[in-house]
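Down below is the structure, laid out as structure tokens.
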Amino acid sequence: MSQKLVVVFGIGPVGQGLAQAVATSGCDVVLIDESAEKLQEALGKISQALDSEIARWGLTEGEKKGILGRIRTSTDMKEASKASHVIETIPEGLEVKRDLFRKLDGICPVDTLLISNSATSTVTDLSHGMKYPGRLIGMHFLNPVRKTPVVEVSRGIQTSDASFETAKRFAKMLDKTVIQVYEYPGLVTTRVFLPMLNQAAKVLNEGIAGCEDIDTAMKLGFGLNMGPFALADQMGIDALLSWMEQLHHETNDNAFLPSKLIRKMVRAGLNGIKSGRGFYRYGPDGRRIDGSGLSIGELSAPAAISQR
Amino acid sequence: MKILVLNCGSSSLKYQLFDMTDKSVMAKGLVQRIGIAGSNIVHRKGDDGPKVTINTEILDHKDGIRKVFDLLASADNGVVKSLKEIEAVGHRIVHGGDKFASSVLLTEEVLQAIRDCIVFAPLHNPPNLKGVEAVSEILPTIRQVGVFDTAFHQTMKPEAFLYGIPYTFYEKERIRRYGFHGTSHRFVSKRAAQLLKRPLEELKLITIHLGNGCSICAIDKGKSVETSMGHTPLEGLIMGTRSGDVDPAIILHIMKRHELTPHEVDNLLNKHSGVLGISAESSDLRDLEEGWPTRSERANLALDVYSHRIKKYIGAYIAVLNGCDALVWTAGVGENSPIVRSIVCKELGWLGIEIDPVVNDKTWRGAEGDIATPNAKVRNFVIPTNEELVIAEDTLEIVGKR
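Those protein sequence lines, which keep their order, are chains A and B.
Per our numbering, the very first residue in the first sequence carries number 19; after that it's consecutive.
Per our numbering, the very first residue in the second sequence carries number 200; after that it's consecutive.
Next up, the structure:
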């Protein structure tokens, strides 16, 4: 065992959220990406996220300073050679991820735990070509990482018991409840949520109920914190579409066949909170604008594109 | 006899080595960032020798404690020739629940009972236990003693420790007032008896511990009969960043209205409230006192609310005790803030409390003394606290007995 230093690849919302969560737990973290500019942008977003926590009394200014002080950025992937844990949160894509893990396998000492955050590629698939596949494990953190207290841990055929134990300790450090999943694309959360969102989008598209009403019905009806549309906006519509396509390909189950509305939205750039608009519209601070739920008319006319 | 005192936190630990022949501090220090990159030990010989910072990899508590032992016996920074000279280790343990009314020798059975108290202090007891376990792995034969923050208050009666909520919460989950800072209240009450030259067993005392956390304690014949901190250290007096007493309905109202999570409201009450929350300037009384009373309206207000709460408790505790021989001020603010002491004691003459402004103003920075006017019915002591020494003394007494 060595001292903890966590390296995060990928600067999307999950990468940012993980860096923030790790630093909040008191551990140092290095965020790695090829683009120094994007890294700066990611740091800025983390700082904003911390500010909004302060505004909700969840954090103090002093704690924010401490947290930011524990986050470094780098464009040099060799930094991973000093890490105890390396997590990948780069965009989905089997080949890119495989390639990253093959490289990390060469760079990192054998006892470094390598973690994939992928929900759609399995650990066994990702480990092809690794010399030490026993240290690769799947930990699927959900966005927003800070608020979602669960992580889906999945082992590949060759993942070692030691790696599994280390992963469990890592989850505990971040205060996340572990659920164990047999590796299969989509794990539990993505696999169950996508068909629900698909159906909700169909109900909306068919004009059966309005956007807000569908969310309210699911939220209050089933005691959820958020309805499917609000959740989808948070997760990113483009990411959801690509997961649907992958799972449809993998399972041949038409429940994953993306609804036309979702395709239209992605085509029009309505990707959720990150693009300012998805099923709802959002202000620059990421707050949902009241009464801004998507109505079908908006996307049926050619005006939809020019509106952006 | 040489005794090591340890206070283990989640990623840091403080240590002090005492020579109990004259109760002097041989060495002390702080291990920081345990298990985190950039860890170090800040060490000094004696009570105020020059600081030495040793940057070294520290994997966990055991590794940290091993390095502390190595340091204490090292050629250049050490103070003992061999670790065999250290005969016992005393640990600060935050929560002993209602299982411990005094310090105890740490046996496996006792450790299990402390583990059972984790539910009451989930952030504090686990690292305390890690420290004990680490020492027994490194020096399996050394005797260890646990000194609890809660133990001194175990003499409170049900009328003082029960809350007005359904009894089942007490019965099934042990939800009740426990109180904290017990080591400090006990230490200064004993010292007050010495200063009064009377046996503790015939005294009624009110001890006021004002540090980062603040609590006040009514002590009758040497026993705690009432204290302001409750099930957790959040209740009672207003503190640097903690709210102290609050109408519980306010919390529910704020949570609902602002859709706050339990974590957020916990932070609101523990880190954004108190003197900091009222003044919006600082959590440190020294900052607010600078330029008092002309600094700012809110700084004055914070000081006034802070002091008023203390005054209110003094009145309540005089009633609980049916009298009072002396007030005792201790810890950072209590020892060093003539301003707070003067605001609190203003217009308490009817109760026999009156302080001499000149003596009050010069009794600080480690000074001990009586700040009451010669004719005041109630004595008014400032007594520097020393919790580490109490832990060392308790440890000596317990291992000496065997």
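The C-beta atom is built at its ideal place from N, Cα and C for all residues, glycine as well.
Keep in mind the model is a prediction, meaning the values are calculated, not measured.
Proximal residues to residue i (C-beta, below 6 angstroms), its chain only, five neighbours per side dropped
i, result
"S277 (chain A)", "N216, A219 and K220"
"V598 (chain B)", "A287 and R342"
"K576 (chain B)", "G551"
"H471 (chain B)", "none"
"A321 (chain A)", "Residue placement at A321 (chain A) is poorly supported in this model, since its pLDDT is 48, which falls under 50; the coordinates still yield a value, given next. No residues qualify anywhere along the chain."
"M19 (chain A)", "The predicted position of M19 (chain A) is uncertain, since its pLDDT is 41 and thus under 50; a value taken from the coordinates is nonetheless stated next. Hits under 6 angstroms: none found."
"M283 (chain A)", "I255"
"C413 (chain B)", "L436 and M438"
"G531 (chain B)", "G410"
Beta carbon of residue i nearer than 9 angstroms to that of residue j
i, j, result
"R90 (chain A)", "V141 (chain A)", "no"
"L409 (chain B)", "V539 (chain B)", "yes"
"V474 (chain B)", "Y512 (chain B)", "no"
"M157 (chain A)", "K22 (chain A)", "no"
"K201 (chain B)", "V230 (chain B)", "no"
"A137 (chain A)", "T208 (chain A)", "yes"
"K222 (chain B)", "V278 (chain B)", "no"
"V318 (chain B)", "G345 (chain B)", "no"
"A226 (chain B)", "L216 (chain B)", "yes"
"D51 (chain A)", "I85 (chain A)", "no"
"A312 (chain B)", "F299 (chain B)", "yes"
"L433 (chain B)", "I509 (chain B)", "no"
"P203 (chain A)", "E268 (chain A)", "yes"
"T572 (chain B)", "E553 (chain B)", "yes"
"I235 (chain B)", "G44 (chain A)", "yes"
"H507 (chain B)", "M428 (chain B)", "no"
For residue i, the residue or residues it bridges with in DSSP
i, result
"Y214 (chain B)", "B:L205 and B:G228"
"N327 (chain B)", "Partner(s): none; N327 (chain B) has no beta bridge."
"H408 (chain B)", "B:S414 and B:T529"
"F159 (chain A)", "A:V169"
"I50 (chain A)", "A:F27 and A:S92"
"D524 (chain B)", "Partner(s): none; D524 (chain B) has no beta bridge."
"V288 (chain B)", "B:L203 and B:Q343"
Exposed unless 16 or more other CB atoms sit within 10 angstroms - verdict on residue i
i, result
"V128 (chain A)", "exposed"
"T130 (chain A)", "buried"
"E314 (chain B)", "Before going on, a small fix: residue 314 (chain B) reads as Arg here, not Glu. Classification for R314 (chain B): exposed."
"R485 (chain B)", "exposed"
"Q34 (chain A)", "buried"
"P357 (chain B)", "exposed"
"S363 (chain A)", "Nothing about residue 363 (chain A) can be read from this structure; chain A reaches only from 19 to 326."
"V210 (chain A)", "exposed"
"R376 (chain B)", "buried"
"Q325 (chain A)", "Residue placement at Q325 (chain A) is flagged as unreliable, the pLDDT there being 45, under the threshold of 50; the coordinate-derived value follows with that caveat. Per the 10 Å Cβ criterion, exposed."
"P583 (chain B)", "buried"
"V114 (chain A)", "exposed"
"Y516 (chain B)", "buried"
"N243 (chain A)", "exposed"
"A479 (chain B)", "exposed"
"V607 (chain B)", "The requested residue 607 (chain B) does not occur in the structure, where chain B is confined to residues 200 to 601."
"F247 (chain A)", "buried"
"P167 (chain A)", "exposed"
"N605 (chain B)", "Summary: the structure shown does not reach residue 605 (chain B), with chain B confined to residues 200 through 601, and so no result is reported for it."
"N324 (chain B)", "buried"
"W549 (chain B)", "exposed"
"S281 (chain B)", "exposed"
"G378 (chain B)", "buried"
Nonlocal neighbours in the same chain, by C-beta distance under 7 angstroms from residue i, ignoring five residues either side
i, result
"A392 (chain B)", "P398, L399 and L402"
"G294 (chain A)", "Y300"
"I323 (chain A)", "Confidence at I323 (chain A) is low in this model, with a pLDDT of 49, below 50, so the placement of that residue is unreliable and no value is reported for it."
"R164 (chain A)", "G35, Q38 and A39"
"V557 (chain B)", "none"
"L258 (chain B)", "G234"
"L147 (chain A)", "One point to set straight first is that residue 147 (chain A) is Gly, not Leu, in the sequence displayed. Excluding sequence neighbours, G147 (chain A) sits near R116 and R120."
"A501 (chain B)", "V474, I477, S478 and L487"
Own chain partners of residue i with C-beta closer than 8 angstroms, once the 5 adjacent residues on each side are dropped
i, result
"E336 (chain B)", "K261"
"R281 (chain A)", "L259"
"L212 (chain A)", "G204, L258, W261, M262, L265, A273 and F274"
_Three-pair Cβ contact test at 8 angstroms for the segment 268–275 of chain A versus the segment 211–225 of chain A_ = Three or more beta-carbon pairs separated by less than 8 angstroms link the segment 268–275 of chain A to the segment 211–225 of chain A, which places the two stretches in contact.
Given 8 angstroms as the limit, is there contact between the segment 436–447 of chain B and the segment 54–73 of chain A, that is, 3 or more CB pairs closer than that?
-> Short answer: they don't touch.
If you pair each beta-carbon of the segment 362–377 of chain B with each one of the segment 560–572 of chain B, do three or more pairs fall below 8 angstroms?
-> No, because fewer than three Cβ pairs between the segment 362–377 of chain B and the segment 560–572 of chain B fall closer than 8 angstroms, the two stretches do not touch.
Given 8 angstroms, three or more beta-carbon pairs between the segment 196–208 of chain A and the segment 159–171 of chain A: Contact between the segment 196–208 of chain A and the segment 159–171 of chain A is present, because at least three Cβ pairs lie under 8 angstroms.
Taking 8 angstroms as the cut-off, does the segment 253–265 of chain B touch the segment 324–332 of chain B (at least 3 CB pairs, one atom from each stretch)?
At 8 angstroms Cβ cutoff, the stretches touch.
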